[in-house]
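Visitor:
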Amino acid sequence: MAEELNFQSNASNRLPPQNIEAEEAILGGILLDQEAITRVSDRLFPEAFYISAHREIYQAALRLHAQGKPTDLLSLTSWLTDNDKLTLIGGRNKLATLVDRTVSAVNIDALAGLVVEKYLRRQLIKAGNEIVHLGFETETELPIVLDQAEQKVFGVTQEKPQSGLVHISDTLINTFQEVEKRHEGIALPGIPCGFYDLDAMTTGFQRSDLIIVAGRPSMGKCLSYDSEIVLADGQISTIEELYQQRQGSLLTLNDDWKLTFTQPSAFVDDGIKPVFRVTTRLGRAIETTITHPFLTIKGWQRLENLQVGNKIAIPRKIDVFGTETIRECEVKLLGYLIGDGGLTNSTPRFTNSNPLLQTEFSQAVTEFGGLSVRWEDSQGQRTPSLCVRGDLEFIATQRQLFAESLKIAISSRSLSAKKLSDELGVTPSLLCMWQKAECVPDDDTFQLLCKTLGMELEEFAPHRFASISKSSKNALTIWLQKLGLWGKNAHAKTIPSIVFKLEKSQLSLFLNRLFSTDGWATLLNSGQSQLGYCTVSEKLARQIQHLLLRFGIIAGLKKRSVKYNSTRRPAWQLDITDALSIKNFIAEIGIFGKEAALAKVTEAIYQKRYQTNRDLIPVEIWEQIAVAKGSETWSSLAQRAGIKSYTNIHVGKRALKRERLWILATALDNLPLQQLANSDVYWDEIISIEPVGNKQVYDLTIPETHNFIANDICVHNTAFCLNLAHNIASGYKLPVAVFSLEMSKEQLVQRLLASEAGIETSYLRSGRISQTQWEPLSRAIGNLSDMPIFIDDTANITVTQMRSQARRLQAEQNMQLGLIVIDYLQLMEGGGDNRVQELSRITRSLKGLARELSVPIIALSQLSRGVESRTNKRPMLSDLRESGSIEQDADLVIMLYRDEYYTPDTPDRGIAEVIVAKHRNGPTGTVKLLFDPQFTKFKNLARPNNY
């Protein structure tokens with residue numbers, strides 16, 4: 051039996067909490083002592099009185115006090131008489147009784163507290179009864195019921211009565227008092243944000259205002275649309291494709307210098323921008339905007355601050371392999387045909403003089419099925435070509451099987467030849483010839499035949515249609531066509547997408563056979579070993595360079611001119627000269643048909659001690675080592691590390707080998723330096739930075755690490771509102787609530803800490819803190835710890851959840867909140883199908899929350915792409931995404947703009963424009979602030995002397 055819930059109890063037979071004697075003593079004290087009312091008027095309100103007559107008397111006393119008049123017996127009696135309320139409160143005798151029963155107003159403060167307490171208890175009982183009724187309203191959704199119940203309890207805790215309809219005279223009195231305070235310079239009408247010019251325009255952020263701060267997402271940190279990114283399954287996608295798909299697991303560099311996979315949290319279309327191509331010593335290239343950051347040994351640096359000769363991070367190894375497989379014969383054929391194949395004639399052909407390769411190619415063609423090889427060598431006058439065509443005997447056999455299958459299908463369905471031929475649009479005699487294997491339908495009719503008979507294609511032709519047709523393209527040609535290879539000449543050849551998703555052993559086999567065509571292994575005259583590959587297709591060369599990196603093989607790419615017939619033409623050459631990379635190539639890949647040359651290279655490599663002039667840590671690392679060693683001498687450190695020539699270790703003069711850095715870092719017991727020595731990063735030198743015009747650009751927002759790998763280069767991915775929050779929390783000690791839907795609380799705190807301490811975020815993430823930075827870091831931690839900033843990083847938070855958190859915080863702090871920040875509006879959940887209507891409900895709810903808590907709410911919003919299509923890139927109200935509802939509900943709309951983002955040589959470098967585009971209660975205009983991108987910090991241009 052279910053438990054019966056009884057909400058009536060015996061409370062209905064009891065009087066509500068009240069203290070009539072205390073109420074009378076308070077009113078008597080006010081009538082006796084003219085100063086008494088000033089001691090209670092700020093916390094005792096008329097609604098707190100239990101007796102209605104007491105409520106009217108106290109209200110009358112407040113009116114007189116507000117007008118500067120006395121509240122004695124005669125004045126109060128006169129006012130009540132004039133306003134026809136004397137009889138209502140019990141006449142002159144009631145007032146006289148109050149005076150007679152009161153000795154003095156000494157304890158009026160304590161009595162006021164007692165009356166308020168009883169009032170709050172009555173309100174709690176009322177709220178409880180209302181909550182009980184809400185529990186029975188099953189037609190209302192539970193989250194709404196819970197929110198309303200919480201709101202009722204919260205209303206009690208705030209000790210603020212329901213105002214209802216209030217006469218204008220009462221409001222005018224309060225307004226006049228506020229005007230007097232502002233005239234005297236006691237305070238701004240709103241909450242100052244710390245930026246003087248902005249405060250002067252807005253007179254501070256008003257309580258109960260909804261403020262929208264809008265800007266272009268990821269401003270300046272963008273890549274060209276065709277930048278390529280390797281995904282977790284091995285496939286390669288452009289950043290434009292990722293933007294369209296809105297998902298993908300990609301590589302990011304962690305603080306320990308190791309590559310791991312991550313998921314972007316946002317995909318950003320940033321329009322058409324001027325881009326610059328950055329090319330490195332290894333031949334890698336990427337196109338980015340001028341403000342895009344690259345990783346250097348000293349942290350992330352924007353491209354505009356880099357120059358030729360600087361070294362940036364690229365991966366040493368991309369340990370990513372797919373799980374897909376194809377037949378071994380198909381892997382070999384791809385390697386051979388991409389290297390030495392002719393794919394533009396009537397049939398595929400392979401031209402190579404190596405008998406081993408010729409034999410294996412022929413064998414692979416046979417294993418492919420339904421094919422034969424015809425040799426062409428012009429009677430020994432040129433290198434033999436192996437032409438692939440359909441195998442006539444195989445085709446005849448497959449035709450016979452097709453004919454038998456067709457007979458069975460027609461017979462089992464009791465179809466007449468006439469009816470089937472009519473449906474197919476052919477003559478009965480032609481259908482009869484099909485059943486005798488004398489001929490077969492064309493491709494379109496074959497597809498229709500399968501559909502008409504309800505059969506799969508493989509039931510008629512297990513080896514595809516090409517295996518039964520003499521006139522169609524052969525099976526290999528059709529396969530190459532599906533892969534996007536057929537018809538491409540040597541300059542246009544590329545590696546099909548399927549290859550990038552192959553498992554490791556098949557990818558190794560593919561590269562092996564590819565190098566067996568146009569690759570080599572040799573010993574140079576200098577005694578240096580070299581592996582290489584040459585092609586006239588730049589795209590193919592870059593793809594091979596990337597695939598080699600998956601095996602930890604670093605290859606340099608350079609453009610050169612090669613002789614062709616009587617002319618010269620450009621070609622792209624890959625060189626592998628680093629001994630470790632050569633060893634990896636020999637162990638993991640090899641070259642079929644060139645084993646002898648590879649054996650010589652192997653012997654030469656293992657006879658020499660490993661030396662490298664490539665994979666080195668930049669010379670600037672000595673600065674970090676100097677910080678780590680402190681006052682210890684270099685020779686002492688080197689001796690302690692076990693370095694033989696410890697008296698001269700070339701401090702600050704030479705780049706360090708990884709082994710040497712590891713030895714020094716171990717002696718210092720310095721984990722960050724050890725991680726750097728064992729990192730997944732290769733430091734590649736920039737050899738050119740050149741403009742390439744305007745292009746479509748995109749960016750990805752990466753949680754935690756804020757970087758990802760594009761074109762095999764490490765590239766980087768709410769500062770204004772964080773600065774506002776910081777200023778209000780630090781300057782005025784008001785609680786600030788930050789709801790971050792995009793960044794984690796650790797990331798936000800790290801950004802605040804970097805700004806407060808004046809230390810780059812990259813140093814905080816990696817732990818590379820110098821001796822001189824510890825003091826400001828400790829001071830910053832102390833300062834931030836004292837600031838009442840509270841962060842909620844719940845993803846997809848709703849307004850209801852946000853309201854609950856804000857109410858709870860205000861109750862815990864026992865004071866009004868100074869600011870609520872929401873980052874950002876478009877990530878909030880609204881529970882609707884139509885996004886515009888959903889956002890409209892969200893902004894209305896936020897406005898309601900601002901009024902309920904009497905706190906300014908700042909919500910970040912994104913601007914649409916419309917700004918990018920105009921000559922003047924300064925944003926306007928119409929550029930707000932889903933602008934209708936946002937603009938309508940907002941009291942203040944602020945838009946951010948930096949001219950140097952669009953015009954790098956502008957005289958306003960380092961200047962951010964804060965555009966007040968809408969101001970419900972004041973002027974609009976533009977305020978200029980200094981912007982420090984190193985610490986993502988906004989600053990005042992100048993402090994007015996009279997502010």
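Using our numbering, you'd call the opening residue of the sequence shown number 51 and step up by one each time.
We put the CB at the ideal spot given by N, CA and C, even for glycine.
Nothing here was measured: the structure is a model prediction, and the numbers come from that model.
#1: Over the uninterrupted alpha helix (DSSP H) stretch that includes N143, give me the two end residues.
#2: Okay, do the region 799-806 and the region 968-988 touch, 3+ Cβ pairs below 8 Å being the bar?
#3: List the endpoints of the continuous alpha helix (DSSP H) containing V669.
#4: Between which residues of its own chain and P211 is the CB-CB distance below 7 Å, once the five residues before and five after are set aside?
#5: Measure the alpha-carbon distance for L456 versus Q485 and round it to whole angstroms.
#6: Would you give the residue range spanned by the beta strand (DSSP E) that E426 belongs to?
#7: Out of I809, A856, S729 and I736, point me to the one whose CA is closest to F789's CA.
#8: From what residue to what residue does the beta strand (DSSP E) around P741 run?
#9: Which residue marks the beginning of the beta strand (DSSP E) containing R257, and which one marks its end?
#10: Taking just the CA atoms, how far does A571 sit from E653?
#11: Run through the DSSP bridge pairs and tell me what D842 is partnered with.
#12: What's the gap between the Cα of N990 and the Cα of W307?
#13: Around the Cβ of D494, are there at least 16 other Cβ atoms within 10 angstroms (buried) or fewer (exposed)?
#14: The alpha helix (DSSP H) spanning T346 covers which residue range?
#15: Kindly indicate which three-state DSSP category F400 falls into: helix, strand or coil?
#16: Rounded to whole angstroms, what is the Cα-Cα separation between G254 and L174?
#17: Please report the residue range of the alpha helix (DSSP H) in which G78 lies.
#18: State the CB to CB distance for the pair L869 and I819, rounded to an integer number of angstroms; the pair is presumed to be in contact (CB under 8 Å).
#19: How long is the line joining the alpha carbons of R257 and L867, rounded to whole angstroms?
#20: Can you tell me which of I961, G140, L590 and E792 puts its alpha carbon nearest to the alpha carbon of H541?
#21: With H, G and I counted as helix, E and B as strand and the rest as coil, what does DSSP make of K210?
#22: Could you spell out the range, first to last residue, of the beta strand (DSSP E) harbouring Q351?
#23: So F326 is in the beta strand (DSSP E); what residue range does that whole segment cover?
#24: Give the DSSP-derived three-state secondary structure of V977 in the structure shown.
#25: At the level of alpha carbons, what is the spacing between N69 and A155?
#26: Can you name, in chain order, every residue of its own chain whose Cβ lies under 8 Å from the Cβ of A103, other than the five neighbours on each side?
#27: Count the other C-beta atoms from every protein chain shown that fall within 10 angstroms of the C-beta of K501, then say buried if there are 16 or more, exposed otherwise.
#28: Compare the Cα-Cα distances from L65 to each of D319, Y169 and I839 and report the closest residue.
#29: Are there 16 or more other CB atoms within 10 angstroms of the CB of N767, so buried, or fewer, so exposed?
#30: Taking 8 Å as the threshold (beta carbon to beta carbon), is E380 in contact with chain C?
#31: Helix, strand or coil for L393? Go by DSSP, reduced to three states.
#32: Taking only the alpha-carbon atoms, compute the straight-line gap between L260 and L533 and give it to the nearest angstrom.
#33: L980: buried (16+ other C-beta within 10 angstroms of its C-beta) or exposed?
#34: Here's a check: name, in chain order, each residue in its chain whose Cβ is nearer than 6 Å to the Cβ of H513, leaving out the five neighbours to either side.
#35: Classify N990 as helix, strand or coil using the three-state DSSP reduction.
#36: From V370 to N562, what distance separates their C-alpha atoms?
Guide: Reading off the structure:
#1: To locate residue 143, count along the sequence shown from 1; it is residue 93. Unbroken alpha helix (DSSP H) run through N143: G141 to D150.
#2: yes
#3: For the purposes of this step, residue 669 is identified with residue 619 of the sequence shown, where counting begins at 1. Unbroken run through V669: none, as it is neither H nor E.
#4: Taking the first residue of the sequence shown as 1, we reach residue 211 at position 161. Confidence in P211 is poor, its pLDDT being 44 and thus under 50, which makes the residue's placement too unreliable to answer from.
#5: Start at 1 with the first residue of the sequence shown, and residue 456 comes out as number 406. Start at 1 with the first residue of the sequence shown, and residue 485 comes out as number 435. Their backbone Cα atoms lie some 6 Å apart in a straight line.
#6: The residue labelled residue 426 in the question sits at position 376 within the sequence shown. Where E426 is concerned, the enclosing beta strand (DSSP E) stretches over L421 to E426.
#7: The residue you call residue 789 lines up with position 739 of the sequence shown. The option with the nearest alpha carbon to F789 is A856.
#8: On the sequence shown, residue 741 is found 691 positions in, with the first residue counted as 1. Counting along the chain, the beta strand (DSSP E) containing P741 begins and ends at V731 to T751.
#9: Reading the sequence shown from its first residue, position 207 is the one you call residue 257. Element bounds for R257: n/a, residue is neither H nor E.
#10: Against the sequence shown, residue 653 aligns to sequence position 603. Against the sequence shown, residue 571 aligns to sequence position 521. Approximately 12 Å, taken between the alpha carbons.
#11: Locating residue 842 in the sequence shown gives position 792, counting from the first residue. Note: D842 sits in a beta bridge opposite F789.
#12: In the sequence shown, the residue the question calls residue 990 occupies position 940. In the sequence shown, the residue the question calls residue 307 occupies position 257. Near 36 Å, if we compare the C-alpha coordinates of W307 and N990.
#13: Counted from its first residue, the sequence shown places residue 494 at position 444. Exposed, since its Cβ has fewer than 16 Cβ neighbours within 10 Å.
#14: Mapped onto the sequence shown, residue 346 falls at position 296. Element bounds for T346: not the alpha helix (DSSP H) but the beta strand (DSSP E), P343 to T346.
#15: As a position in the sequence shown, residue 400 is number 350, starting the count at 1. Looking at F400 - three-state DSSP - the assignment turns out to be strand.
#16: Indexing the sequence shown from 1 puts residue 254 at position 204. Indexing the sequence shown from 1 puts residue 174 at position 124. Computed Cα separation, rounded: 36 Å.
#17: Here residue 78 corresponds to residue number 28 of the sequence shown, with the count starting at 1. G78 -> alpha helix (DSSP H) spans I70 to L82.
#18: One-based indexing of the sequence shown puts residue 869 at position 819. One-based indexing of the sequence shown puts residue 819 at position 769. In fact, because the Cβ distance is near 31 Å, the residues do not count as touching under 8 Å.
#19: Stepping through the sequence shown from its first residue, residue 257 is reached at position 207. Stepping through the sequence shown from its first residue, residue 867 is reached at position 817. Between R257 and L867, the C-alpha separation is close to 9 Å.
#20: As a position in the sequence shown, residue 541 is number 491, starting the count at 1. Nearest of I961, G140, L590 and E792 to H541, Cα basis: L590.
#21: As a first step, residue 210 is located in the sequence shown; it is residue number 160 there, counting from the start. For K210, the pLDDT reaches just 48, beneath the cut-off of 50, and the residue's location in the model is therefore unreliable, although a value from the coordinates is still provided. DSSP places K210 in coil when its eight states are reduced to three.
#22: Counting from one through the sequence shown, the residue named residue 351 turns up at place 301. It spans G349 to R352 - the beta strand (DSSP E) in which Q351 sits, taken as one unbroken run.
#23: The count along the sequence shown starts at 1 and reaches residue 326 at position 276. Element bounds for F326: A316 to T330.
#24: Translated into the one-based positions of the sequence shown, residue 977 becomes position 927. Residue state, collapsed to three classes: strand.
#25: Counting from one through the sequence shown, the residue named residue 69 turns up at place 19. Counting from one through the sequence shown, the residue named residue 155 turns up at place 105. Straight-line Cα distance between these residues: approximately 17 Å.
#26: Taking the sequence shown and counting its residues from 1, the one referred to as residue 103 is at position 53. Around A103: L138, I139, G140 and K144.
#27: Taking the first residue of the sequence shown as 1, we reach residue 501 at position 451. Classification of K501: exposed, given that the 10 Å Cβ count is below 16.
#28: As a working note, residue 65 is residue 15 in the sequence shown. The shortest C-alpha separation from L65 is found at Y169.
#29: Taking the first residue of the sequence shown as 1, we reach residue 767 at position 717. Because N767 carries a pLDDT of 47, less than 50, the predicted location of this residue cannot be relied on, and no value is offered for it.
#30: This model lacks chain C altogether; it includes just one protein chain.
#31: Here residue 393 is taken as the residue at index 343 of the sequence shown, counted from 1. Three-state DSSP puts L393 in coil, outside helix and strand.
#32: As a working mapping, residue 260 is identified with position 210 in the sequence shown. As a working mapping, residue 533 is identified with position 483 in the sequence shown. Their backbone Cα atoms lie some 55 Å apart in a straight line.
#33: Here residue 980 corresponds to residue number 930 of the sequence shown, with the count starting at 1. Looking at its Cβ environment, which holds fewer than 16 other Cβ atoms inside 10 Å, L980 is exposed.
#34: Taking the first residue of the sequence shown as position 1, residue 513 is located at position 463. Contacts found: G419 and G420.
#35: As a position in the sequence shown, residue 990 is number 940, starting the count at 1. Note: N990 maps to strand in three-state DSSP.
#36: Position 320 of the sequence shown, counted from the first residue, corresponds to residue 370. Position 512 of the sequence shown, counted from the first residue, corresponds to residue 562. V370 and N562: Cα-Cα distance of roughly 18 Å.
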